[in-house]
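This report concerns only the one structure given below.
Protein chains in written order, with the numbering used here: chain A, 5 to 124; chain P, 35 to 184.
Right under this line is the structure:
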């Protein structure tokens, strides 16, 4: 699913578009704990959308370390300019939806996005 | 990718430096892109360094040192601090067990999986903890024979 389709599905806006904007995304992970996000298993061939309510710099750093191309901020939260700037520097597309995390996940799942592998 | 000479990176991680957690790991990953073209390897290594950095920032009294040694196809990481030490290493290695303060959790850290995550991705793992300090040493190899099994 392309980023613009994802935006339409969850009524999201693009806060930062520099990066892999035309990537096709099939899997997602949702969490407010970056510790848990660091535990996911990423594969090069399966770019991931991170869905989170965290808006500080750690979300961009986590995405950067994991090569996550796009992050969706939920609950319409205000995103600090420094977070947007760091996302731009690291070419991570930043999206924002007014929906709560549950609704964002539900809509995307219904549209065919799958959950990422998780093994603890 | 042929053999490369030994290089070192050193960082100081301040105590309770929650705001900067992950910044050193990002620098390490970017630096190593010139040495290792495999994204999978850099991701594994980056996650391990991120977790070690987070532990120093969240769990130490006076912060600690992060040393990254690059030699041949391997990277060795040494994370060292001066206390207060891990009272029960077995518990610390239990997924979900955490002693992270509320402030760290509010910022998205302290999920209780950090050491496990390092152990999962690293090719060697050594941890010693006393009240006067903790030393964590691990290596992540880029050898074909030690690729992480998905």
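Note that the Cβ used here is the ideal one computed from N, Cα and C, for glycine as well. Since the model is a prediction, treat every value here as computed from it, not as a measurement.
query, result
"Would you identify the three-state DSSP class for residue 118/A, choosing helix, strand or coil?", "strand"
"Given that residue 58/A touches chain P, what residues does it touch there, using C-beta distances under 8 Å?", "141 and 142"
"Residue 146/P: which of 162/P, 124/P and 74/P sits nearest, CA to CA?", "124/P"
"Contact criterion: CB-CB distance below 7 Å. Does residue 5/A meet it with respect to chain P?", "no"
"Determine the burial state of residue 20/A: buried for a count of at least 16 other Cβ atoms within 10 Å of its Cβ, exposed for fewer.", "buried"
"Using the Cβ count rule (16 or more neighbours within 10 Å means buried), how would you classify residue 106/A?", "exposed"
"Taking 7 Å as the CB-CB limit, is residue 65/A close to chain D?", "This model lacks chain D altogether, as its protein chains are A and P."
"Quick check: what's the CA-CA separation for residue 81/P versus residue 100/P?", "14 Å"
"Taking DSSP as the reference, what is the three-state secondary structure of residue 182/P?", "Unreliable positioning characterises residue 182/P in this predicted model, as indicated by a pLDDT of 48, which lies under 50. A coordinate reading is not provided."
"In chain P, which residues lie less than 7 Å from residue 37/A when you measure between Cβ atoms?", "142 and 145"
"Would you kindly check if the distance between the Cβ of residue 37/A and the Cβ of residue 142/P is under 7 Å?", "yes"
"Would residue 57/P be called buried (16 or more neighbouring beta carbons within 10 Å of its own) or exposed?", "buried"
"Note down the Cα distance separating residue 119/P from residue 97/P, rounded to an integer number of angstroms.", "12 Å"
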